[in-house]
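Asks: Just passing along the structure, written as structure tokens.
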Amino acid sequence: MNYLDFYKQSIDNPEKFWKEQAEKLEWYTKPETILSENDKGYPTWFVDGELNLCYLAVDKHIQDGYGEQTAIIYDSPVTQTVKKYTFNEVKEQVAKLAGGLTSLGVKKGHTAVIYMPMIPEALFAMLACARLGVTHSVVFGGFAPHELAIRIDDCKPKVILTASSGIEVDRLIAYKPLVDDALQLAEHKPKKVVILNRKLGAKVPFKKRDVDWEALVYGSEEAPCVPVKADHPSYVLYTSGTTGKPKGIVRDTGGYATALRFSMEYIYGVKQDEVFWAASDVGWVVGHSYIVYGPLLNRNATIVFEGKPIRTPDASTFWRVIAEHNVSVMFTAPTAIRAIKKEDPNGEFIKQYDLSNLRTQFLAGERCDVATLEWYREHIPIPTIDHWWQTESGWPMIANLMGVEYLPIKPGSAGKAVTGYDIRIFNENGEELGPNEEGYVVIKLPLPPGTLMDLWKDHIRFRAGYLDKFPGYYFSGDGGYKDDEGYIYITGRVDDVINVAGHRLSTAEMEEIVASHHAVAECAVVGINDELKGQIPLALVVTKAGETIEQFQLEYEIVQLVREQIGAVASLRKVIVVQRLPKTRSGKILRKLLRNIADGVEFQIPSTIDDPAIIDEVKDEFLQHKIGVFK
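Using full-length UniProt numbering, the letters of the sequence shown map in sequence onto residues 1 to 631.
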């Protein structure tokens with residue numbers, strides 16, 4: 001199959017293209033209306049179709065004779081547990097939990113909040129909600145009570161499903177007290193809280209509203225799948241917004257199932273029966289799409305990994321999991337590979353494992369710097385695919401379609417536009433730019449199936465944030481450019497472009513150069529205020545383990561590298577060596593936070609931050625180096 005022809009079909013005749021893909025699913029009622037507009041004038045897919053996501057992910061495979069095939073592999077180095085579940089076993093757990101929820105008065109049209117660690121029961125909870133037509137909202141386990149309360153008040157769940165604890169490398173996090181605190185803060189009070197006691201020693205204070213998970217499942221009959229309309233909200237997933245108030249991204253059911261099934265076959269190139277591993281968390285969109293629904297829809301075994309790429313027990317963990325479970329295709333964030341590279345720069349651990357089954361490595365969640373991509377390919381010479389998408393899209397927008405045609409990789413580019421996404425580069429006035437001209441990354445409407453349907457109970461904000469800036473187009477919020485062969489380069493969020501003495505410069509481009517230095521494991525470049533030039537770049541770097549280069553020497557060499565490759569106009573003068581960079585729990589570097597601290601701008605500690613203690617560390621470093629407002 002040829003990428004260009006395949007892509008052209010999806011753009012020239014989207015209704016025909018996606019009708020053919022939708023027919024690969026088993027619908028209760030097949031859609032006749034493929035593409036239409038909803039009552040708010042926004043394009044919608046398959047509105048008159050009826051289906052059930054849980055049926056497609058679990059029951060259908062059992063009916064087709066694959067009940068004894070492995071569906072879920074739970075690998076937890078932090079509890080030293082490996083457990084496998086067949087489709088039959090998953091169905092029993094999910095259907096009984098759904099029956100238990102029904103006995104609590106939860107039904108189609110209600111919402112539920114799921115606040116759980118990376119354990120199989122988190123997947124059972126999501127699938128049980130999908131089985132009943134209950135819209136779930138997964139909140140990342142361990143989020144602070146205030147953040148959980150905001151989400152409870154916004155989506156007003158009938159029930160909360162949680163566990164006694166999550167477990168980190170060096171500590172237990174008791175979830176139940178956090179849920180109780182959140183419910184004290186929240187105005188909306190769900191009637192029931194279902195708790196799975198993991199029996200790891202965490203405190204589980206019992207309240208009248210609490211229900212024991214095991215007793216509920218044990219005492220319940222299996223509930224059948226409830227048919228829902230294609231535009232029924234399968235879930236609400238909150239992502240950070242510029243106002244500080246999280247945005248509830250609403251996902252449909254029919255379009256989502258169609259897109260995920262399509263992506264497993266054509267983007268990730270995964271065959272049925274194979275093992276697929278997305279090393280993420282169900283609290284993020286990657287977890288929804290590629291730990292739970294995508295692999296199970298495609299009848300793949302999916303890995304639920306409770307651990308970290310390092311310190312569980314060391315930088316060999318990923319390679320052990322791949323080798324032990326015969327992973328064919330893997331997906332992780334570049335930050336995980338950088339963490340491994342820092343601990344094991346020469347890839348010694350890689351040599352200890354048989355990775356011959358691993359066919360493709362996908363990277364996403366943030367820009368993948370060339371140095372990380374090349375390090376991976378040097379030690380594991382397989383296609384290593386950087387690709388780009390967002391919580392809003394739900395599945396990839398730019399990628400190398402491994403199930404269609406493997407195109408040459410251009411380091412620094414996320415590949416070409418995925419089928420269904422008519423991606424353009426606009427200037428401020430909405431005029432399309434030519435090759436290699438940087439501007440705003442926008443997508444012509446209609447977006448393909450599976451993308452965001454709306455914001456939960458906030459259509460005005462939905463239109464203002466995504467549709468109003470360039471009418472007829474979805475505004476991604478990212479900057480980038482296309483080269484003359486159609487490869488797309490994402491340069492980062494629009495506010496990651498800095499203005500140095502009238503020159504618009506990409507901090508992402510500078511990061512690429514800084515990361516290429518042999519001593520650098522990972523880095524961040526941010527623009528900070530300067531009285532003379534408006535903004536100047538500041539580089540923060542984490543050096544590789546065992547690196548002995550002096551700070552002044554490293555700074556000199558990095559400044560020279562940037563000067564050679566961008567020019568003196570870049571004005572990079574300061575390089576700070578730090579032990580770690582502030583990140584979200586999903587591994588994204590908090591560049592905006594670094595800018596705000598340096599500039600003395602008032603900021604909120606992001607709810608997604610991995611460790612709030614790093615804020616004081618950053619302030620101390622800036623003070624010590626007389627950076628920005630700390631001069």
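Cβ coordinates follow ideal geometry from the N, Cα and C atoms, glycine included.
Give the C-beta separation of residue 591 and residue 526 to the nearest angstrom, bearing in mind that I take them to be a contact with Cβ-Cβ under 8 Å.
Replies: 5 Å
Asks: Buried or exposed, going by whether 16 or more other CB atoms sit within 10 Å of the CB of residue 457?
Replies: exposed
Asks: Just list the residues that DSSP pairs residue 301 with in beta bridges.
Replies: Beta-bridge pairing links residue 301 to 275.
Asks: Could you tell me the distance, in whole angstroms, from the CA atom of residue 312 to the CA atom of residue 167?
Replies: For residue 312 and residue 167, the distance between alpha carbons rounds to 12 Å.
Asks: I need the DSSP call for residue 493, collapsed to helix, strand or coil.
Replies: Correct three-state label for residue 493: strand.
Asks: State yes or no: is the C-beta of residue 285 within less than 9 Å of the C-beta of residue 390?
Replies: yes
Asks: Please work out which residues of its chain come closer than 7 Å, Cβ to Cβ, to residue 144, disregarding the five sequence neighbours upstream and downstream, and give them in chain order.
Replies: Excluding its 5 nearest sequence neighbours in each direction, residue 144 has C-beta neighbours in its own chain below 7 Å: 607, listed in chain order.
Asks: For the alpha helix (DSSP H) that residue 136 lies in, which residues bound it at each end?
Replies: Bounds of any alpha helix (DSSP H) do not take in residue 136; it lies within the beta strand (DSSP E) bounded by 135–138.
Asks: In angstroms with no decimal places, state the Cα-to-Cα distance between residue 42 and residue 257.
Replies: 19 Å
Asks: Using CA coordinates, which residue listed in 251, 164 and 232 is at the minimum distance from residue 210?
Replies: Among 251, 164 and 232, the Cα nearest to that of residue 210 belongs to 164.
Asks: Which residue wins for smallest C-alpha separation from residue 110, given the options 159, 79, 229 and 29?
Replies: 159
Asks: For residue 64, does the count of other Cβ atoms within 10 angstroms reach 16, so buried, or fall short, so exposed?
Replies: exposed
Asks: Alpha carbon to alpha carbon, how far is residue 336 from residue 202? Give it in angstroms, no decimals.
Replies: 28 Å
Asks: Under the three-state reduction of DSSP, which class applies to residue 216: helix, strand or coil?
Replies: helix
Asks: Within the same chain, show all residues whose beta-carbon is closer than 7 Å to that of residue 307, passing over the 5 residues directly before and after it, in chain order.
Replies: 76, 77, 78 and 317
Asks: Kindly provide the ranges of any beta strand (DSSP E) runs that are 3 or more residues long and lie completely inside the segment 160–215, ordered along the chain.
Replies: 165–167, 172–174, 192–196 and 210–212
Asks: Please classify residue 356 as buried or exposed, where buried requires at least 16 neighbouring CB atoms within 10 angstroms.
Replies: exposed
Asks: Using C-beta distances below 6 Å, list every residue in its chain close to residue 353, excluding the 5 sequence neighbours before and after it, in chain order.
Replies: 319 and 323
Asks: Say whether the segment 32–39 touches the segment 260–273, bearing in mind that this needs 3 or more beta-carbon pairs closer than 8 Å, one atom from each stretch.
Replies: no
Asks: Taking the straight line between their C-alpha atoms, what separation do you get for residue 655 and residue 553?
Replies: Shown here, the chain extends from 1 to 631; a query on residue 655 therefore has no answer.
Asks: Determine the DSSP secondary structure at residue 463, reduced to helix, strand or coil.
Replies: helix
Asks: Report the option in 560, 19 and 605 whose CA atom is closest to the CA atom of residue 584.
Replies: 605
Asks: Quick one: grab the DSSP three-state call for residue 535.
Replies: Note: residue 535 maps to strand in three-state DSSP.
Asks: Between the Cα of residue 193 and the Cα atoms of 187, 199, 213 and 185, which residue gives the shortest distance?
Replies: 213
Asks: Please classify residue 503: does DSSP put it in a helix, a strand, or coil?
Replies: strand
Asks: Please return the same chain residues whose Cβ sits closer than 6 Å to the Cβ of residue 137, not counting the five positions on each side in sequence.
Replies: 113, 155 and 236
Asks: Whole-angstrom Cβ separation of residue 53 and residue 234, contact assumed at under 8 Å?
Replies: 6 Å
Asks: Within the same chain, show all residues whose beta-carbon is closer than 7 Å to that of residue 503, passing over the 5 residues directly before and after it, in chain order.
Replies: These residues qualify, in order along the chain: 569.
Asks: Does DSSP classify residue 330 as helix, strand or coil?
Replies: Three-state result, residue 330: strand.
Asks: Since residue 317 is in the alpha helix (DSSP H), which residue starts that stretch and which ends it?
Replies: 317–325
Asks: At what residues does the beta strand (DSSP E) containing residue 85 begin and finish?
Replies: 81–86
Asks: Which runs of the beta strand (DSSP E) at least 3 residues long sit entirely within the segment 44–124? Give them in chain order.
Replies: 70–76, 81–86 and 111–115
Asks: Between the alpha carbons of residue 205 and residue 177, how many angstroms are there, rounded?
Replies: 7 Å
Asks: Just mark residue 551 as buried or exposed, buried being the case when its beta carbon has 16 or more other beta carbons within 10 Å.
Replies: exposed
Asks: So, helix, strand or coil for residue 551, using DSSP?
Replies: Under the three-state reduction of DSSP, residue 551 is assigned to helix.
Asks: Name, in chain order, the residues that DSSP records as bridge partners for residue 439.
Replies: According to DSSP, residue 439 bridges with 480.
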